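Q:
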Amino acid sequence: MKVFVLTPEKELFNGNVTSVKVPGVVGQFEILKGHAPIVSGLSKGDVRITLESGEKQVFKIARGFVEVFNDEVSVLVQEPKKEN
Amino acid sequence: MSGQLKEVRERIKSVISTQQITKAMKMVSAAKLRRAQQAITEIRPYSDRLQKVLKHVLTSLEGEADSVFNRKTELKKPLIILNTSSRGLCGAFNTNILKAAIAEIEDKYKSNEADGSLIFLCVGKKGHDYVKKHYNKCVIIADWVNLPNHMSFEQVEEIAELIFEKFENGEIDTVEVAYSRFKNAGVQYPEALRYLPVAQLDTDYSKKKHRKRADYVFEPDKVTLLNELVPSILKTQLHRYFLDTHASEHGARMTAMDKATENAEELLKELRIGYNKARQAAITTEISEIVGGAAALEGA
C-alpha cells in the first residue's frame, strides 16, 4: 500500500506501508490494504504510519484531508503552527 | 595631462567596484532563485492531489456545487492583491506587474477608482509605494511590506483568511491578483487575474466518463467536505501566486544584474583604451620634449 504524506511546503513521507492511522473528523480510523475508497477531513492529531519493516512513524498535524483509492493513500495535511 | 590620467584611473576603479557588486548580486539572486524554484516544485504535488480530491468530491456531487466563493457579484467592491517585490534593482520587474494591474483597473474598475471604492492589499513594498503615490483615494486595507525572503504557508494563510472573511461578510465582492508568473530566469509573465469569486465549479465530471467506478465514502458529508476543500485549494493557489512572484523577482534581478555586469565590462574596455591612449600621448610628448631639448643643447 502506497502512502503520500504531503504539506504545502514539503513531502513528509512517501513509501510503502502496512497501515496508516489518521485522526478523521468523525473519529480516528486505520487504513489497511484493501480499504474502501474514502475521502475524509482530518482534525488535529497524529498520523501514525507502520512501515513494512514494522517501524513506526508519527506526524503531528493541524488539519487536512485523506483520500484512499486503489490502495493508494494521499494524506494532505497542514502541520501545526510552531510554538515560538 | 597627468590630471586627466588620474581622473580616468579613478573612474576605472569605481566602475570595477560597481561591477563587483553587480556580480555578487547576480550570484546571490541565482542562489535564491534556485531555492524559490524548489519551493514551487514542492507545492505542486500537494496542490495537484488536492485538486484530484476536489474532482472526486465533485464527481459524486449531483447538481450545483455551491459555495460562498462562487456566488455571483456585481463587481461593486473590488479588491486588488498587488504582489510585487520589496526591493529594487530587478529591471522592469515591478513596473511590469504594476502595468498589468493598471491595465486591469482601467479596463474594469475605472469607476471604482474614481469614487474610491477600490481596495488594495499590497504584498511587497514597491507596489505599496506606488499605490500610495498614485491611487491616494483608494484604501489599502492591509500590507505586507516587510516580508522575509521566503513566505511560509502560514503567512499566506493569514492573508487568505483576511480576504475570505471580508469576502464572506460582503466588504469586498471581487478579488483580483496582480503577480508575475514564473517561466524561467529570463522570462516572466506579469498577469492580473480574477481570484474571487471562483468560476462555477465544474460538475460536468459526473456526466462524463470521468466518473470513477469507485463509490467513495465521504466523511463528514460531501457538502461539508467541499466547504473545507475549496478554501484549502484557494489558499494553495494564492501561495502559488506568491511563490511565482518570488521566483520571478530573483529571475528578473539575476538577468538585470547580468546585463549590468556586461555593461560595466564594456565601459571598462572603453575606459582602458582611453586611458592607455592618454598615457601613450603623455609619454610621446615627454620624449619629444627631451629630444628637442637635447638637440637644442647640441646645436649650441
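Protein chains in written order, with my numbering: chain W, 6 to 89; chain B, 709 to 1008.
By construction, the Cβ of each residue, glycine as well, lies at the ideal position given by its N, Cα and C atoms.
Keep in mind that this is a model prediction, so the values were computed, not measured.
#1: What whole-angstrom Cβ distance do Ile-805(B) and Ala-747(B) have, given they're in contact under 8 Å?
#2: Please report the Cβ distance between Ala-868(B) and Ala-809(B), rounded to the nearest whole angstrom; I am assuming they are in contact, meaning their Cβ atoms lie under 8 Å.
#3: Check the C-beta distance from Val-73(W) over to Pro-42(W) and give it rounded, since I have them as a contact under 8 Å.
#4: Chain B partners of Gly-29(W), CB-CB under 8 Å?
#5: Could you name the residues of the same chain whose beta carbon sits closer than 6 Å to that of Gly-50(W), not counting the 5 residues immediately before and after it, in chain order?
#6: My guess is that Ser-775(B) and Leu-934(B) are in contact by the Cβ rule of under 8 Å, so how many angstroms apart are they, rounded?
#7: Determine the burial state of His-954(B): buried for a count of at least 16 other Cβ atoms within 10 Å of its Cβ, exposed for fewer.
#8: His-40(W) to Leu-81(W), Cα distance in whole Å?
#9: CB Ser-888(B) to CB Ser-956(B), shorter than 8 Å?
#10: Using only alpha-carbon positions, find the residue among Glu-812(B), Ile-991(B) and Lys-734(B) that is nearest to Cys-798(B).
#11: According to DSSP, is Asp-923(B) part of a helix, a strand, or is it coil?
#12: Ordered along the chain, which non-local residues of its own chain (more than five positions away) have a Cβ less than 8 Å from that of Ile-941(B)?
#13: Which residues in chain B sit within 8 Å of Gly-46(W), going by Cβ to Cβ distance?
#14: Phe-861(B) touches chain W at which residues, Cβ-Cβ below 8 Å?
#15: Counting only C-beta atoms, is Glu-750(B) closer than 8 Å to chain W at any point?
#16: Tell whether a beta-carbon distance below 8 Å holds between Thr-55(W) and Thr-23(W).
#17: Looking at Glu-778(B): is its Cβ nearer than 8 Å to the Cβ of Pro-939(B)?
#18: Going along chain W, which residues have a C-beta under 8 Å from Arg-757(B)?
#19: Would you kindly work out how many angstroms separate the C-alpha atoms of Lys-845(B) and Gly-835(B), rounded to a whole number?
#20: Between Leu-1005(B), Arg-980(B) and Glu-814(B), which lies nearest to Glu-715(B) when the distance is taken from Cα to Cα?
#21: When you check each C-beta in the stretch 775 to 793 of chain B against every C-beta of chain W, which residues fall closer than 9 Å?
#22: Is the stretch 782 to 792 of chain B touching the stretch 811 to 828 of chain B, taking contact as three or more C-beta pairs under 8 Å?
#23: Can you find the residues in the same chain that come closer than 6 Å, C-beta to C-beta, to Asn-19(W), ignoring five residues on each side of it along the sequence?
A: Taking the structure as given:
#1: Position 97 of the second sequence holds residue 805(B). Position 39 of the second sequence holds residue 747(B). A Cβ-Cβ distance of about 19 Å is found for the pair Ile-805(B) and Ala-747(B), leaving them out of contact under the 8 Å criterion.
#2: The count along the second sequence starts at 1 and reaches residue 868(B) at position 160. The count along the second sequence starts at 1 and reaches residue 809(B) at position 101. Going by Cβ atoms, the distance from Ala-868(B) to Ala-809(B) rounds to 19 Å, so no, they are not a contact pair.
#3: Within the first sequence, residue 73(W) is the residue found at index 68, counting from 1. Within the first sequence, residue 42(W) is the residue found at index 37, counting from 1. That pair is a contact at about 6 Å.
#4: Taking the first residue of the first sequence as 1, we reach residue 29(W) at position 24. Residues of chain B passing the Cβ test: Glu-927.
#5: Along the first sequence, read from residue 1 onward, the residue named residue 50(W) stands at position 45. So the qualifying residues of the chain are Pro-28.
#6: Residue numbering aside, residue 775(B) sits at position 67 when the second sequence is read from its first letter. Residue numbering aside, residue 934(B) sits at position 226 when the second sequence is read from its first letter. Rounded, the Cβ-Cβ distance is 6 Å, consistent with contact.
#7: Working through the second sequence from its first residue, we reach residue 954(B) at position 246. A residue is called buried when at least 16 other Cβ atoms come within 10 angstroms of its Cβ; His-954(B) meets this threshold and is buried.
#8: Position 35 of the first sequence, counted from the start, is the residue given in the question as residue 40(W). Position 76 of the first sequence, counted from the start, is the residue given in the question as residue 81(W). Taking the straight line from one Cα to the other gives about 18 Å.
#9: As a first step, residue 888(B) is located in the second sequence; it is residue number 180 there, counting from the start. As a first step, residue 956(B) is located in the second sequence; it is residue number 248 there, counting from the start. Contact flag set, yes.
#10: Translated into the one-based positions of the second sequence, residue 798(B) becomes position 90. Closest in C-alpha terms to Cys-798(B), from the list Glu-812(B), Ile-991(B) and Lys-734(B), comes Lys-734(B).
#11: Start at 1 with the first residue of the second sequence, and residue 923(B) comes out as number 215. Three-state result, Asp-923(B): coil.
#12: Along the second sequence, read from residue 1 onward, the residue named residue 941(B) stands at position 233. Ser-755, Leu-758, Gln-759 and Leu-762.
#13: Along the first sequence, one-based indexing puts residue 46(W) at 41. Neighbours of Gly-46(W) on chain B, chain order: Glu-927, Pro-928, Thr-932, Leu-933 and Glu-936.
#14: The residue given as residue 861(B) occupies position 153 in the second sequence. Chain-order list of chain W residues neighbouring Phe-861(B): Thr-12, Pro-13, Glu-14 and Gln-83, by C-beta distance under 8 Å.
#15: Locating residue 750(B) in the second sequence gives position 42, where the first residue counts as 1. Interface annotation, Glu-750(B): in contact with chain W, CB-CB separation under 8 Å.
#16: Reading the first sequence from its first residue, position 50 is the one you call residue 55(W). Reading the first sequence from its first residue, position 18 is the one you call residue 23(W). Taking 8 Å as the Cβ cut-off, Thr-55(W) and Thr-23(W) qualify as a contacting pair.
#17: By 1-based counting over the second sequence, the position of residue 778(B) is 70. By 1-based counting over the second sequence, the position of residue 939(B) is 231. Checking the displayed sequence, the identity of residue 778(B) turns out to be Asn instead of Glu. With a cutoff of 8 Å on beta-carbon distance, Asn-778(B) and Pro-939(B) are scored as not near each other.
#18: Locating residue 757(B) in the second sequence gives position 49, where the first residue counts as 1. Within chain W, the residues near Arg-757(B) are Phe-9, Leu-11, Glu-72, Ser-79 and Leu-81.
#19: Stepping through the second sequence from its first residue, residue 845(B) is reached at position 137. Stepping through the second sequence from its first residue, residue 835(B) is reached at position 127. Annotation: Lys-845(B) to Gly-835(B) spans about 15 Å, alpha carbon to alpha carbon.
#20: Reading the second sequence from its first residue, position 7 is the one you call residue 715(B). Minimum Cα distance to Glu-715(B) is reached at Arg-980(B).
#21: Against chain W - using a Cβ distance shorter than 9 Å - the stretch 775 to 793 of chain B contributes no residues.
#22: The stretch 782 to 792 of chain B, when compared against the stretch 811 to 828 of chain B, does touch it at the 8 Å Cβ threshold.
#23: In the first sequence, counting from the first residue as 1, residue 19(W) sits at position 14. Closer than 6 Å at the Cβ level, and outside the excluded window around Asn-19(W), lie Phe-9.
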